[in-house]
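Structure record follows, encoded as structure tokens.
Numbering (the numbering used here), first residue to last: 1 to 201.
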């Protein structure tokens, strides 16, 4: 029987039939050719199942700790998670806490704002905003370093970043309407809470 006839009867591509016949004539079996290189010892189905079960129980686990538990190199574990299991590590995001009470308050305020817009001329509405900036030295505890041969007194003073419970601050205030906006006002801390808009023209 010709390979084309076998392919039609089995509904398989004829190239697959020819390769199978050639492999059987060469090896005496239909098994695959022996592969070159060292076989996989860590990135196996059993290890991937262990990793998958641990991440299903706690998706916030560190891959470094999982690698120690299953006794596999952490680079291999990371490769399995990203390339084989197609997982991605997402950072946690900050969001405003919205309870049922806060949602109700927002709904009431939005309705009141719409009523004001319907009764007043919206061009006369004034939107205010302020921002408080603390006057403290910023530093990154992970990346900021100070190189020195020893810890002398001058180095100890230089590597110390002072913090206080109530740091100095300054407030920036501004307002905007449909036709104009104010400049940025830097408010003295003693005057916070006493600023009122007078003339935005």
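Beta carbons: idealized from backbone N, C-alpha and C, even for Gly.
| query | What's the gap between the Cα of residue 14 and the Cα of residue 94? | reply | Translated into positions along the chain shown, residue 14 becomes position 14. Translated into positions along the chain shown, residue 94 becomes position 94. For residue 14 and residue 94, the distance between alpha carbons rounds to 58 Å.
| Just checking my contact of residue 168 with residue 185 at CB under 8 Å: how many whole Å lie between their CB atoms? | Indexing the chain shown from 1 puts residue 168 at position 168. Indexing the chain shown from 1 puts residue 185 at position 185. Rounded, the Cβ-Cβ distance is 18 Å, inconsistent with contact.
| Among 83, 21, 148, which has the Cα closest to the Cα of residue 158? | As a working mapping, residue 158 is identified with position 158 in the chain shown. Considering only alpha carbons, the answer is 148.
| field | From 153, 87, 73, 41, residue whose alpha carbon lies closest to that of residue 60 | value | Within the chain shown, numbered from 1, the residue matching residue 60 stands at position 60. For the residues 153, 87, 73, 41, the minimum Cα distance to residue 60 belongs to 87.
| request: Identify, in the order they occur along the chain, each residue of the same chain with its Cβ nearer than 8 Å to the Cβ of residue 3, setting aside the five sequence neighbours on each side. | output: Along the chain shown, read from residue 1 onward, the residue named residue 3 stands at position 3. Cβ within range, chain order: 14, 17, 18, 21.
| With burial defined as no fewer than 16 other Cβ atoms inside 10 Å of the residue's Cβ, what is the status of residue 72: buried or exposed? | If you number the chain shown from 1, residue 72 lands on position 72. Flag for residue 72 reads buried.
| residue 170 vs residue 133 beta-carbon contact at 8 Å | Locating residue 170 in the chain shown gives position 170, counting from the first residue. Locating residue 133 in the chain shown gives position 133, counting from the first residue. Yes, Cβ-Cβ distance for residue 170 and residue 133 is below 8 Å.
| query | Is residue 92 helix, strand or coil when you go by DSSP? | reply | Indexing the chain shown from 1 puts residue 92 at position 92. Looking at residue 92 - three-state DSSP - the assignment turns out to be coil, as it is neither helix nor strand.
| field | Endpoints, alpha helix (DSSP H) assigned at residue 45 | value | Taking the first residue of the chain shown as 1, we reach residue 45 at position 45. Its alpha helix (DSSP H) spans residues 45 to 57.
| task | Could you spell out the range, first to last residue, of the alpha helix (DSSP H) harbouring residue 176? | result | Counting from one through the chain shown, the residue named residue 176 turns up at place 176. Taken as a continuous stretch (DSSP letters only), residue 176 belongs to no alpha helix (DSSP H), being part of the beta strand (DSSP E) at 169 to 176.
| message | Does residue 134 come out as helix, strand or coil in the three-state DSSP assignment? | response | The residue you call residue 134 lines up with position 134 of the chain shown. Of the three classes helix, strand and coil, the one that applies to residue 134 here is strand, per DSSP.
| request: Pull up the DSSP beta-bridge partners for residue 181, would you. | output: Residue numbering aside, residue 181 sits at position 181 when the chain shown is read from its first letter. Answer is 176, bridged to residue 181.
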